[in-house]
Amino acid sequence: EKEYIPVAPAAHYTMGGIKTDTWGQTNLTNLYACGECTSTGVHGANRLASNSLLEGLVFGNRIAQKIKKNIILSSINESEELKLSYNTRQEKYKEYSPVELKKELQKLMWNKVGIIRNSSDLKKALQKISKWKFIFKSELKTAEDFELANLIILADLITNSALQREESRGAHYREDFPDRDDMNWKKHIVY
17 EKEYIPVAPA AHYTMGGIKT DTWGQTNLTN LYACGECTST GVHGANRLAS
67 NSLLEGLVFG NRIAQKIKKN IILSSINESE ELKLSYNTRQ EKYKEYSPVE
117 LKKELQKLMW NKVGIIRNSS DLKKALQKIS KWKFIFKSEL KTAEDFELAN
167 LIILADLITN SALQREESRG AHYREDFPDR DDMNWKKHIV Y
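End of the sequence shown sits at 207 in the working numbering; the numbers just go up one at a time, nothing left out.
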């Protein structure tokens, strides 16, 4: 007797992110990036599982080599005060549960921006995401607050990009634009 093993698709990485060169350098001097947060272009429009590990190793090593080669020792003047403010005092908008809102965001992204996309669902998702931007008017205090704010930004960028790209390519599939369109869309969308 055979037993079936349940299998279901799931989102476990993003394709795209911080644009870098082949040495992990961003367009900001001395700012490097590697791993899941980057858009190195080595995977094309679809990344195979576990290839990100190799990418992280290669680009992490390249970045370390480049930094080691170009390192300039400097010191900060002790009298110089460094002020970092991740959150200025803001008016409390209203109470919300970051955990519950994150669950709602995950459900929305799965149902409206998931595997099979179309203009109608993407627009509905953007409307809902816009309503959640109230979090930016709230005082962000906890790690969960900041994570949720970042997830809302990412959801907005992914959904806008998916709506803008009127074709299907790699893991991006639009049922209203099922064909690949190299003439108009063989390019990156950059925000």
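Beta carbons are placed, not taken as given, at the ideal position from N, Cα and C, and that holds for glycine.
Cβ-heavy atom distance between K202 and the ligand ATP below 7 angstroms? Summarising the ligand content, the structure contains no ligands, and the ligand ATP is consequently not present.
Span of the alpha helix (DSSP H) around W201: Note, W201: alpha helix (DSSP H), 198-201.
Just the C-alpha distance for N46 and K35, rounded to the nearest angstrom, thanks. Across the structure, N46 and K35 are spaced so that their CA atoms are roughly 14 angstroms apart.
For E145 and A171, which I take to be in contact (beta-carbon distance under 8 angstroms), what is that distance rounded to the nearest angstrom? Looking at the sequence itself, residue 145 is Ile, so the reference to Glu does not match. Between the beta-carbon of I145 and that of A171 there is about 5 angstroms, and that keeps the pair under the 8 angstroms contact cut.
Whether or not the segment 149-159 and the segment 121-139 are in contact is what I'm after, with contact meaning three or more pairs of Cβ atoms, one per stretch, closer than 8 angstroms; do they touch? At 8 angstroms Cβ cutoff, the stretches do not touch.
Count the CB pairs spanning the segment 76-86 and the segment 55-64 that are closer than 8 angstroms, and state whether there are at least three. At 8 angstroms Cβ cutoff, the stretches do not touch.
Buried or exposed for Y20, going by 16 or more other Cβ atoms inside 10 Å? That one is exposed.
If distances are taken between C-alpha atoms only, which option among E183, D192, H188, S177 comes closest to M199? Nearest in C-alpha terms to M199, of all of E183, D192, H188, S177, is E183.
Taking K202 as the reference, give the member of R185, L117, E160, Y189 with the closest Cα. Closest option to K202, Cα to Cα, is R185.
List the whole-angstrom C-beta distance separating I168 from L138, where the pair is believed to meet the contact cut-off of C-beta under 8 angstroms. Actually they do not touch by this definition, with Cβ atoms about 16 angstroms apart.
In this structure, what does DSSP give as the bridge partners for R63? According to DSSP, which records beta bridges pairwise, R63 is partnered with nothing at all.
In chain order, what residues of the same chain lie with their CB nearer than 8 angstroms to the CB of E191, ignoring the 5 residues before and after it? Once the five neighbours on either side are set aside, the close Cβ partners of E191 are I132, R133, N134.
DSSP puts T54 in a beta bridge; with which residues? Beta bridge pairing from DSSP links T54 with I34.
Classification of I174 by the beta-carbon crowding that lies within 10 angstroms, buried from 16 upward: The residue is buried, with at least 16 neighbouring Cβ atoms inside 10 Å.
Can you tell me whether T54 is buried or exposed? The criterion is at least 16 other CB atoms within 10 Å of its CB, across all chains shown. Using a 10 angstroms sphere on the CB of T54, the tally of other CB atoms reaches 16 or more, which defines it as buried.
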